[in-house]
Structure formats: C-alpha cells, structure tokens
Amino acid sequence: MAKGKLIFDMDRCKGCGLCVAACPLKILDLNNKVVNVKGYNPVYEKITDKCVACGSCAIMCPDSVIGVEKIV
Ligand code: SF4
Ligand code: SF4
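Numbering (the working numbering), first residue to last: 2 to 73.
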C-alpha cells in the first residue's frame, strides 16, 4: 500500500476540522498547542507514518492547506 508524506501550509488553515473528519485512518487533528497567523489551531499529523496517501484530506480542505505526496 502507498505511503504518504503530508505537507501543510499551516498559516492558511482555519481550523475547520473537515480534513480531520475526512481521514479514514484518523491521522489528523487540530493542534491546540499552536496558534497560526490567522489565530486558529491548525491541523497537524497526530499519528505519523500511517498515511496511505488517499488524498481525502486534501480534497476536503476548502483552503488548499494540505499537500499529499506519494512515497514509493
Ligand atoms: S492522505 Fe488520506 S490517509 Fe493520509 S492523512 Fe489524508 S486522508 Fe488521511
Ligand atoms: S487543513 Fe483545511 S480542512 Fe483541515 S482544518 Fe485546516 S482549513 Fe480545515
């Protein structure tokens, strides 16, 4: 199965949580220890090394915050 590398444009994130809900593996969460330039808790990869590069989170994000790279 493919593995994914996630890249976040963190300062664009508005903390809406749509990506968190979209991930079938529940990898993502909002980081309540960080506040970005917009004043929101941004998304982060809570569980590392589990992403399968399905792209659901990136498709769901209305602000194009998430990039998913397939690692072969
Ligand atoms: S690409 Fe898929 S598995 Fe990886 S974090 Fe996004 S929704 Fe989850
Ligand atoms: S990355 Fe996008 S979908 Fe996820 S919380 Fe931030 S703005 Fe919402």
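Here a beta-carbon is modelled for each residue, glycine too, at the ideal position from N, C-alpha and C.
For residue 17 and residue 33, the gap between their C-alpha atoms comes out near 13 Å. Here the alpha carbon of residue 58 sits roughly 16 Å from the alpha carbon of residue 3. At least one heavy atom of ligand 2 lies less than 7 Å from the C-beta of residue 61. Out of 52, 10, 44, 37, the CA that lies nearest to the CA of residue 19 is found in 44. Beyond the five residues adjoining it in sequence on each side, residue 6 comes within less than 6 Å, by CB distance, of 70, 72 in the same chain, given in chain order.
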